[in-house]
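These notes concern the structure reproduced below.
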Amino acid sequence: MAPVNQPKDKKRERACQHWPEEAKSAGKRKRDYGERGNEKQEKRLFVRKTSKPPGKIGCSGGGFVMRNKTVLSSRLERRCSIVHYVYQKMLGGSIQARLRQRLELAFLHSLSSYCLFRRASPFDRRVTCLEWHPTHPSTLAVGSKGGDIILWDCEVLAKTCFIKGKGPGDSLGDIKFSPYEAEKLYVASGDGTLSLQDLEGRAVQVISRALDCGHEHHNVCCWYCSVDVSASCHAVVTGDNVGNVVLLSTSGEEIWKLKLHRKKVTHVEFNSRCEWMFATASVDQTVKIWDLRNIKNKTNFLHLLPHEKPVNAAYFSPTHGAKLLSTDQHNEIRVYSSSDWTKPQHLIPHPHRQFQHLTPIKATWHPRYDLIVVGRYPDPKFPGYTPGELRTVDVFDGNTGEMVCQLYDPNASGIISLNKFNPMGDTLASGMGFHILIWNQEEMAAKKHEHLLKAMT
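Written as structure tokens, this is what we have:
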């Protein structure tokens, strides 16, 4: 049957819904010219004035995704077919950076179809920390203010492991999977212990314990708030609520304990691309970068990064380790670059103010691209605030500081404090009050829902 001519408007609508389709062009040399011919049409579809707010472009289950069309349209000007990159590689050219940009752009377009896939509420107190399993991309561990831990495979109907906490006073500050034993988890707890929790039910190993304060109504005045593990250094680092940082071997031997900050250490992290470098963040309004080989006291840092407000987190970029992402407790996200640690490369205004009964909001990196994901807590005092502003999950470009996407679902309208992509970078986990949220591409989510329904019958 001969193809039927369609009106131009329908062609444009189809291009908007299905673009990009580079996979279909693989092996078809004639598509190159056709794609170049369609480039102007695609620009008309996405370009808009910067004074206008981003438009709603994707819907699923009542939710939608907002995307900054101006940012994406400027990237379209550099758009090339994947065949072009293969050809350049055959000629001996270096395509890694450009190919990464191309893959990142394709991922940003895939975000337009993200929707809420699953939701769980296993705790009687709010979520305080979450961590994806390093080798099982559908499994994550989540901790609560009551000390509870759940290990959840979000793609299996009833595959969970629940460990009951001690209740009040056992708030979990941070958790990290052991790089050596996949079934074990390092836990920094409000009960004054840093422990290695066995998720298969074996005895808990206490790595470090705070001194008993001897007070009448509580036994510890000092507790651990953050933790990280370095597989290459065989070391564990943790920070407490009075400014101490402790370095231990993975077997539990204390190497040193130093007071590196004046107040609570909210975050500690090794640089995955530089084994001797680690960062600490604190409510004393500073982030410090340290050399593990040469540390003696709180002034012996490599770089001091002062902030205007207390700092919730400071993450090194997982792709190359050359950038640092910090989140304060009010309205600022910063991106620092190793080319000049003395000043931020980008200052991103963003409403996420802190109050006592809210899990601190932390911006995190995407594991494969320089993208930043963070929950929004609208503030009437924040410049540009609009009445009825939604509590979205915002995605920023870490290289420009511009917002590129917002995720929202009316069934998850609370303040989303925690957001982390899994190691594959295709699934997002969020912590919202008592609830755990899983976001996925609409098509993938539909297939997984179908699989879950079959498991129920």
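Just so you know, we're using UniProt numbering here: the sequence shown kicks off at 1 and counts up by one. Backbone N, C-alpha and C define an ideal beta-carbon position, used for all residues, glycine too.
For A120, which residues of its own chain have a beta-carbon under 6 Å away from its beta-carbon, when the five flanking residues on both sides are left out? The answer, listed in chain order, is I436.
Assess contact between the stretch 145 to 157 and the stretch 104 to 113, defined as three or more Cβ pairs (one per stretch) separated by less than 8 Å. Is contact present? Too few Cβ pairs lie closer than 8 Å, so no.
When you compare the CB positions of D328 and K309, do they come within less than 7 Å of one another, or not? With contacts defined as CB atoms closer than 7 Å, D328 and K309 qualify as a contacting pair.
Figure out for me which residue from D174, F177 and V142 has the closest Cα to the Cα of K164. Of the residues D174, F177 and V142, the one whose Cα lies closest to the Cα of K164 is V142.
Please determine, among E253, Y224, M424 and S208, the residue with the shortest C-alpha to C-alpha distance to G239. Looking at the Cα atoms, Y224 is the closest of the given residues.
Could you tell me how far apart the beta carbons of H307 and V287 are, in whole angstroms, since I believe they sit closer than 8 Å? That belief holds up - the Cβ atoms of H307 and V287 are roughly 7 Å apart, short of 8 Å.
Just the C-alpha distance for G214 and W341, rounded to the nearest angstrom, thanks. Roughly 43 Å between the two C-alpha positions.
Between which two residues does the alpha helix (DSSP H) carrying M456 extend? Here the alpha helix (DSSP H) through M456 covers E442 to M456.
With DSSP run on the structure shown, which of helix, strand or coil describes H346? In the structure shown, H346 sits in a strand (DSSP, three-state: E or B).
Taking 7 Å as the threshold (C-beta atoms), are N312 and T359 in contact? Taking 7 Å as the Cβ cut-off, T359 and N312 do not qualify as a contacting pair.
Test item: CB-CB of V246 and K257 under 7 Å: Closer than 7 Å, so yes.
Contact under 7 Å by Cβ, D370 with G398: One thing to note: D370 has its Cβ within 7 Å of the Cβ of G398.
Cα-Cα, which of L116, T135 and F421 is closest to P410? If we check each option's Cα against that of P410, L116 comes out closest.
Bridge partners for L151 per DSSP, in chain order? The secondary-structure analysis by DSSP pairs L151 across a beta bridge with A141 and C161.
Distance between K259 and D284 (C-alpha atoms, nearest Å): Straight-line Cα distance between these residues: approximately 13 Å.
Is F162 buried or exposed, if buried means 16 or more other CB atoms sit within 10 Å of its CB? When all chains shown are included, F162 counts as exposed.
Would you call P380 buried or exposed, if buried means 16 or more other Cβ atoms sit within 10 Å of its Cβ? Looking at its Cβ environment, which holds fewer than 16 other Cβ atoms inside 10 Å, P380 is exposed.
If you draw a straight line from the alpha carbon of S113 to that of M432, how long is it in whole angstroms? Each residue's alpha carbon lies about 21 Å from the other.
I'd like the list of long-range same chain contacts for T427, defined as Cβ closer than 6 Å, with 5 residues on each side in sequence excluded. Excluding five sequence positions before and after T427, the CB atoms of its chain that fall closer than 6 Å to its own CB belong to N440, given in chain order.
For M424 and V373, the rounded distance between their alpha carbons: Roughly 15 Å separates the two Cα atoms.
Any idea what DSSP makes of M424, helix, strand or coil? Under the three-state reduction of DSSP output, M424 falls in the coil class, being neither helix nor strand.
Between I361 and H350, is the Cβ-Cβ spacing less than 7 Å? Not in contact: I361 and H350 (Cβ atoms no closer than 7 Å).
So, for V242: in the same chain, excluding its five sequence neighbours on each side, which residues have a beta-carbon less than 6 Å away from its beta-carbon? So the qualifying residues of the chain are C222.
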